[in-house]
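Residue numbers (my numbering): 39 to 224.
Cβ atoms here follow ideal geometry from the backbone N, Cα and C, with glycine treated the same way.
Here the structure is a predicted model, which is why all the values come from computation and not from measurement.
Below, the structure written as structure tokens:
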């Protein structure tokens with residue numbers, strides 16, 4: 039007998055459509071500011087969650103889509119409060135967050151920490167049908183593996199346009215149609 043070790047093969051077989059959602063630069067334009075009284079405003083002067091109704095409308099025909107929050111708000115506020123800012127149509131879809139996943143130091147140095155934590159969540163839940171909408175998903179090339187090419191799953195948003203951008207909306211809608219079409223071949 040040899041000393042061969044057999045590694046486990048990662049299989050991404052969990053079919054639930056999962057949308058990773060950031061808040062700042064995605065569901066509204068700009069970045070949130072938390073003052074000493076706990077009030078939240080945006081550096082852009084725009085309204086908070088201006089695009090949340092748009093996302094709810096896009097997801098409405100697809101009740102099986104779950105959301106995973108990637109927002110940095112989770113590091114400053116309790117989960118229940120973070121979810122409470124979403125309209126009920128979106129809040130009820132939240133299935134998890136990436137707040138418990140810690141990026142590696144090297145990923146911070148490279149600016150790819152958000153992509154790393156999303157990939158880690160995907161691997162831990164074995165997600166097959168997922169998309170991330172975020173203004174900080176860099177490094178898809180650096181973090182790809184033989185099991186997963188990240189680029190088709192990441193929508194890098196312009197923080198001053200969020201999902202108000204027509205191209206971003208097109209990508210989200212195409213993904214929704216794709217993951218809900220011909221499931222027998224998946």
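C-beta contact flag for residue i and residue j at 8 Å
i           : j           : result
residue 106 : residue 136 : yes
residue 9   : residue 90  : The question about residue 9 has no answer, for the chain in this structure spans 39 to 224.
residue 83  : residue 198 : no
Inter-residue CB distance, residue i and residue j (contact presumed, cutoff 8 Å)
i           : j           : result
residue 103 : residue 121 : That belief does not hold up - the Cβ atoms of residue 103 and residue 121 are roughly 16 Å apart, past 8 Å.
residue 218 : residue 100 : 6 Å
residue 171 : residue 210 : 7 Å
residue 57  : residue 66  : About 17 Å; that fails the 8 Å criterion.
residue 193 : residue 165 : So it is not a contact: roughly 16 Å between Cβ atoms.
Straight-line Cα distance separating residue j from residue i
i           : j           : result
residue 159 : residue 200 : 23 Å
residue 141 : residue 96  : 31 Å
residue 173 : residue 189 : 14 Å
residue 161 : residue 110 : 21 Å
residue 53  : residue 75  : 42 Å
residue 70  : residue 216 : 33 Å
residue 92  : residue 55  : 18 Å
residue 204 : residue 163 : 30 Å
Environment of residue i [buried if 16+ CB atoms lie within 10 Å]
i           : result
residue 151 : buried
residue 113 : exposed
residue 206 : buried
residue 72  : exposed
Beta-bridge pairing of residue i - partner residues as DSSP gives them
i           : result
residue 58  : 106, 170
residue 79  : 71
residue 194 : 172
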